[in-house]
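All remarks here apply to the structure that follows.
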Amino acid sequence: MDRRQLILGMGGVVALGACRAADGKPRQSAARADLYRCEGCEGVFERQPTASSARIAPPGEPGEPLVLAGTVIALDGRLAAGVTIYAYHTNSAGFYANGTPETEWSRRHGRLRGWAKTGADGRYRFETIKPAPYPDRSLPAHVHLTMFEPGRRPYWIDDIVFDDDALVDAAYRRRMENRGGDGIVRLDREADGRLLAVRDILLERHPA
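full-length UniProt numbering applies: residue 1 is where the sequence shown begins, and numbers increase by one.
Okay, structure coming up:
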C-alpha cells in the first residue's frame, strides 16, 4: 500500500506526518510574520480553474516532459479541497520567456504557467517540461508555487527543486524555509517515460 492509498483508506485524514514537514522538521506552530509578503502572488487570480489537472507546457515545447503532482493537506491533517495552485517556471534555456502583455505577471512570469484547483481528494497535477536553472546558475532549476485557499489571502511556498541538481547543495538546503513542507523532490519515471515529481503540500497557518 502506497502513501496515497493509506491517506484515502483513512477517510481522507493523514495520520502520519501531518504535523511535520516531509524532511522531519516541525511545522510552524504560529503563522509566519511574512506569510503574505509575496511579489507576484496576484498571478493566482488571473484564472479561475475548476480542474485539478492542468497543462503548463504546450505540445512541442522544447525540454524533457515532466509531471508535477501531489496532495494538499490542511492543518488538521485532512485532504484540502478547493485550493488553487498557481505554478510557473523557466523554459529549457532558463528564461521566463514569451510572456503575454495582459498583466505584469503574464509578462514577467513567461508563458510556462498554469492553475489547478484541488478536488475532494486534495490532489493536483501539472503537465509541463523540466525547467532549467537560470543561465548564470544563481539558482537551481525550480518551479514557483502560489497557494490560494478560499477566504484567505494568497501566499508562496518553497519552490519545487530537484534532489539530484548539483545546485541543491548543503548551503541551499539550509536556506530552505519549509514553507508548505519540503520542496526538494526526487525525480521518478511514469510508465510512459515522462519524469514525475511528487510535491505534497502542507498548508500554512494563517494569522488570526
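Heads up, the beta-carbon is just placed ideally off N, CA and C, and yes, glycines get one too.
Item to check | Rounded straight-line distance, which links the Cα of Leu75 to that of Ala22 | outcome: The predicted position of Ala22 is uncertain, since its pLDDT is 47 and thus under 50; a value taken from the coordinates is nonetheless stated next. Straight-line Cα distance between these residues: approximately 14 Å.
Item to check | Extent of the continuous beta strand (DSSP E) run through Tyr172 | outcome: Counting along the chain, Tyr172 falls outside any beta strand (DSSP E), though it belongs to the alpha helix (DSSP H) covering Ala170 to Arg175.
Next on the checklist: Distance check for Thr103 and Val44, CA to CA, integer angstroms please.
Outcome noted: 12 Å
Checklist entry - Per DSSP, what kind of secondary structure is Arg107 in: helix, strand or coil? => result Of the three classes helix, strand and coil, the one that applies to Arg107 here is helix, per DSSP.
Next on the checklist: Considering Cα atoms alone, identify which of Ile157, Ser138 and Glu190 is closest to Ala166.
Outcome noted: Ser138
Next on the checklist: Is the separation between the beta-carbon of Ala93 and that of Leu145 shorter than 8 Å?
Outcome noted: Contact flag unset, no.
Item to check | Expected contact under 8 Å - CB spacing of Trp115 and Pro49 to nearest Å | outcome: 4 Å
Checklist entry - Any contact of the region 166–186 with the region 46–65, i.e. 3+ C-beta pairs under 8 Å? => result no
Checklist entry - Do you know offhand how far Ala18's Cα is from Glu204's? => result For Ala18, the predicted structure reports a pLDDT of 40, less than 50, and the residue's modelled location is therefore unreliable. A value from the coordinates is still provided. Approximately 12 Å between the Cα atoms of the pair.
Checklist entry - Who are the near neighbours of Gly180 in its chain, counting only those whose CB is closer than 8 Å to its CB and skipping five residues on each side? => result Leu145, Met147, Ile157, Asp158, Ile201, Leu202, Leu203 and Glu204
Checklist entry - Helix, strand or coil: how does DSSP classify Gly77 here? => result Three-state result, Gly77: coil.
Checklist entry - Roughly how far, in whole angstroms, is the beta-carbon of Gly99 from the beta-carbon of His89, given that I think they are within contact range, below 8 Å? => result Between His89 and Gly99 the Cβ distance is about 13 Å, and since that is not below 8 Å, they are no contact.
Item to check | Nearest candidate by alpha-carbon position, reference Phe95, set His206, Pro131, Asp164 and Tyr36 | outcome: Pro131
Next on the checklist: Looking only at its chain, what residues have a beta carbon closer than 8 Å to the beta carbon of Cys38, apart from the 5 residues adjacent to it on each side?
Outcome noted: Thr146, Pro154, Tyr155 and Trp156
Next on the checklist: What does the Cβ neighbour count give for Pro140, buried or exposed, with the cut at 16 atoms within 10 Å?
Outcome noted: Pro140 should be labelled buried.
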